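Participant:
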Amino acid sequence: MDRIIHDLRNELAVAEASIQAVIDGKLPPNTENLQAVLTSLEDVDAAVLQLGTHPERQSLFNVVVEAAPNAMILVNQAGCMTLANAQAERLFGYTRDELLGQSIEVLVPERFRAGHPKLRTSFSEEPAARPMGAGRDLHGRRKDGREIPIEIGLNPVTIGREVFTLAAVTDITERKHAEELRLLQARTEQHAAEVEELNRELSSASHFKTEFVATMSHELRTPLTAIVGAAELLDRLTLPERARSHVETINEAAEALLSLINSILDFSKVEAGKLELQTSTFLTDVVLEGAAEVSAQLARERGVAVHTYVDPSIPPLEGDGDRLRQILLNLLGNAVKFTPKGHVVARVFPFGNDDGDVVLRFEVQDTGVGIPAELQSRLFEPFFQGRTTTEGGTGLGLAIAKRLVLLMGGAIGIESQPDAGSTFWFTARFKRPSVPASQRRTLNGIAGLIVSGDSIFAQIVG
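Given below as structure tokens:
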């Protein structure tokens, strides 16, 4: 009897070695290759069948299943699990004892359970190694209720007189994440390409628009300048009062239209990034008082006083005095328009020195209607007219002023309350002149030649 037991143990050892060789040589290291897993299952099953009716065949089959790198589950024809390996425990979160005897549907998400028995029946009718649900996304349900994406390879296994289904289950969560990442990356690249193409189209459109606006502005400004000049010459003549009133109307309308054209041209330059500053030496008080004088005429008509203050310590500066004047004209003009009574004060004072540059702060304060807080953040947007549209204008003045201030290395803002007036402020950075004022040469007394192909200009300059 002992000898018989000894012989059986020897045969079992040989069989185990044979099975292990199959496992080592056939099971793929890449367990996400489903077709390779299916092929391996067929090879392993064939190796087990070679043992014939050996009484230890079931034990050897268990060894094969346990050694598999995938989650392996054996299901009988009733749909109950009769065998599960350690990988199945790790994948689904159940212990082996909890799985055995349970219906395989316990591992199927509830939304798919109703149709799962039909799939089992279909496989039983045509038992052959194949992937389950080919072309469909499959999901498993863990003990904690979490769903995981999986692939399943099915293989029929005959044990005794019963045909079982051996399922090799692979967790493809990482693969799905990688696929989603690749898809997201592809979409991002596609969107980036579309945005780049759109930017090229917009850039081209902006270029043509800028050229068109510049050309039209030039063509419009030339005759308008002639009209303004002619009106000024007429104003010097002795004219009847009614005729003089007509001349003043022509002059005012032409000046307004010329200002509008200049604003549109400046804004087109802002959009195209071609607005540049010119550098020359200027006196801050001359610039500020000159801008105030232009606004004073309208202010006098409205009964509004305009005052200026320039800190006497401000030296001559280098920068774009004309563009600075443009900013001040806009702020002063707005202040006068929206101040029905009271006064407007424009002041400027040093705001510090930075790396040898002079930083100034300009303020234009009025006693006008004020601006609600919800509108203040939009005042510097193009074409926005926050206070009213009855006073006219394009809504470009503050947008252009903001761009000019930024080019001057400063900032612009507003402090206001309804019915309590407003204070528009901005800072700007300027250089100190490299040549003292006493050494600068002027063009006073020097004759000049003006060349123009326009006969109207020739008459005006006369």
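The sequence shown begins at 179 in the numbering used here and counts up one residue at a time. We put the CB at the ideal spot given by N, CA and C, even for glycine. Quick caveat, the model's predicted, so the values are computed rather than measured.
Give the secondary structure of residue 605 by DSSP, where H, G and I count as helix, E and B as strand, and everything else as coil.
Facilitator: As a first step, residue 605 must be located in the sequence shown, where it is residue number 427. Correct three-state label for residue 605: strand.
Participant: Run through the stretch 333 to 419 for me and flag every whole beta strand (DSSP E) of 3 or more residues, listed as ranges in chain order.
Facilitator: Whole beta strand (DSSP E) segments, 3+ residues: 340 to 349.
Participant: Quick check on residue 383: buried or exposed, where buried means 16 or more other Cβ atoms within 10 Å of its Cβ?
Facilitator: The residue you call residue 383 lines up with position 205 of the sequence shown. With fewer than 16 other Cβ atoms within 10 Å, it is exposed.
Participant: Based on DSSP bridge pairs, tell me the residues matched to residue 543.
Facilitator: If you number the sequence shown from 1, residue 543 lands on position 365. Answer is 523 and 601, bridged to residue 543.
Participant: By DSSP, does residue 319 sit in helix, in strand, or in coil?
Facilitator: Position 141 of the sequence shown, counted from the first residue, corresponds to residue 319. Note: residue 319 maps to strand in three-state DSSP.
Participant: With residue 546 and residue 518 assumed to form a contact (beta carbons below 8 Å), what rounded beta-carbon distance in angstroms separates them?
Facilitator: Residue mapping note: residue 546 aligns to position 368 of the sequence shown, counting from 1. Residue mapping note: residue 518 aligns to position 340 of the sequence shown, counting from 1. That pair is a contact at about 7 Å.
Participant: With a Cβ-Cβ cutoff of 8 Å, do residue 262 and residue 238 count as a contact?
Facilitator: For the purposes of this step, residue 262 is taken as residue 84 along the sequence shown, with counting starting at 1. For the purposes of this step, residue 238 is taken as residue 60 along the sequence shown, with counting starting at 1. No; because the gap between Cβ atoms is not below 8 Å, this pair is not in contact.
Participant: For a test of the three-state rule: what should DSSP assign to residue 241, helix, strand or coil?
Facilitator: Taking the first residue of the sequence shown as position 1, residue 241 is located at position 63. Residue 241 falls in the helix class under three-state DSSP.
Participant: Round the Cβ separation of residue 301 and residue 260 to the nearest angstrom and send it over; I've been treating them as touching at under 8 Å.
Facilitator: In the sequence shown, the residue the question calls residue 301 occupies position 123. In the sequence shown, the residue the question calls residue 260 occupies position 82. The Cβ separation is near 16 Å, so there is no contact.
Participant: Alpha carbon to alpha carbon, how far is residue 255 from residue 354? Give it in angstroms, no decimals.
Facilitator: Walking along the sequence shown from the start, residue 354 turns up at place 176. Walking along the sequence shown from the start, residue 255 turns up at place 77. Cα-Cα distance, rounded: 32 Å.
Participant: Where does the unbroken alpha helix (DSSP H) through residue 486 begin, and where does it stop?
Facilitator: The sequence position of residue 486 within the sequence shown is 308, counting from 1. Careful: residue 486 lies outside any alpha helix (DSSP H), inside the beta strand (DSSP E) at 482 to 488.
Participant: Straight-line CA distance for residue 489 to residue 390?
Facilitator: Sequence index remark: in the sequence shown, residue 489 carries index 311 (1-based). Sequence index remark: in the sequence shown, residue 390 carries index 212 (1-based). Rounded to the nearest angstrom, the two C-alpha atoms are 43 Å apart.
Participant: If you draw a straight line from the C-alpha of residue 449 to the C-alpha of residue 605, how long is it?
Facilitator: Against the sequence shown, residue 449 aligns to sequence position 271. Against the sequence shown, residue 605 aligns to sequence position 427. In a straight line, the C-alpha of residue 449 is about 22 Å away from that of residue 605.
Participant: Should residue 581 be counted as a contact of the ligand SAM given a C-beta to heavy atom distance under 7 Å?
Facilitator: The ligand content of the structure shown is nil, which means the ligand SAM is not present either.
Participant: Rounding to the nearest angstrom, what Cα-Cα distance links residue 358 and residue 316 in this structure?
Facilitator: The residue labelled residue 358 in the question sits at position 180 within the sequence shown. The residue labelled residue 316 in the question sits at position 138 within the sequence shown. Roughly 16 Å between the two C-alpha positions.
Participant: Using a threshold of 8 Å, state whether the C-beta atoms of residue 456 and residue 498 are closer than that.
Facilitator: For the purposes of this step, residue 456 is identified with residue 278 of the sequence shown, where counting begins at 1. For the purposes of this step, residue 498 is identified with residue 320 of the sequence shown, where counting begins at 1. Going by C-beta atoms, residue 456 is nearer than 8 Å to residue 498.
Participant: Per DSSP, what are the beta-bridge partners of residue 496 in this structure?
Facilitator: On the sequence shown, position 318 is the one that residue 496 refers to. Per DSSP, 459 and 609.
Participant: Please name the residue in 326, 345 and 602 whose C-alpha comes closest to that of residue 335.
Facilitator: Counting from 1 along the sequence shown, the entry for residue 335 is found at position 157. It is 345 whose Cα lies nearest to the Cα of residue 335.
Participant: Just to confirm before moving on: does the CB-CB distance between residue 492 and residue 462 stay below 8 Å?
Facilitator: For the purposes of this step, residue 492 is identified with residue 314 of the sequence shown, where counting begins at 1. For the purposes of this step, residue 462 is identified with residue 284 of the sequence shown, where counting begins at 1. Closer than 8 Å, so yes.
Participant: How should residue 504 be labelled, buried or exposed, when 16 other C-beta atoms within 10 angstroms of its C-beta is the threshold for buried?
Facilitator: Locating residue 504 in the sequence shown gives position 326, where the first residue counts as 1. The residue is buried, with at least 16 neighbouring Cβ atoms inside 10 Å.
Participant: Please tell me whether residue 590 and residue 444 are closer than 8 Å, where the distance is taken between their beta carbons.
Facilitator: To locate residue 590, count along the sequence shown from 1; it is residue 412. To locate residue 444, count along the sequence shown from 1; it is residue 266. In this structure, residue 444 does not lie closer than 8 Å to residue 590 by Cβ.
Participant: Give me the residue from 348, 339, 516 and 434 with the minimum Cα distance to residue 332.
Facilitator: Sequence index remark: in the sequence shown, residue 332 carries index 154 (1-based). Closest by alpha carbon: 348.
Participant: At the level of alpha carbons, what is the spacing between residue 371 and residue 365?
Facilitator: Within the sequence shown, residue 371 is the residue found at index 193, counting from 1. Within the sequence shown, residue 365 is the residue found at index 187, counting from 1. If you take the alpha carbons of residue 371 and residue 365, they lie about 10 Å apart.
Participant: By DSSP's criteria, residue 726 is part of a beta bridge. Which residues make up the other side?
Facilitator: Past the edges of the chain, shown from 179 to 640, lies residue 726, and the structure says nothing about it.
Participant: Reducing DSSP to helix, strand and coil, say where residue 506 ends up.
Facilitator: Translated into the one-based positions of the sequence shown, residue 506 becomes position 328. Three-state DSSP puts residue 506 in a helix.
Participant: Which class does residue 474 belong to by DSSP, given the choice of helix, strand or coil?
Facilitator: Here residue 474 is taken as the residue at index 296 of the sequence shown, counted from 1. Helix at residue 474.
Participant: Out of curiosity, what's the CA-to-CA distance linking residue 432 and residue 515?
Facilitator: Stepping through the sequence shown from its first residue, residue 432 is reached at position 254. Stepping through the sequence shown from its first residue, residue 515 is reached at position 337. Near 19 Å, if we compare the C-alpha coordinates of residue 515 and residue 432.
Participant: Tell me whether the beta-carbon of residue 596 lies closer than 8 Å to the beta-carbon of residue 560.
Facilitator: What you label residue 596 is simply residue 418 of the sequence shown in a count that begins at 1. What you label residue 560 is simply residue 382 of the sequence shown in a count that begins at 1. No, the pair does not count as a contact, with Cβ atoms beyond the cut-off.
Participant: Keeping to the same chain, check which residues put their C-beta closer than 6 Å to that of residue 585; ignore five residues upstream and five downstream.
Facilitator: Walking along the sequence shown from the start, residue 585 turns up at place 407. Once the five neighbours on either side are set aside, the close Cβ partners of residue 585 are 455.
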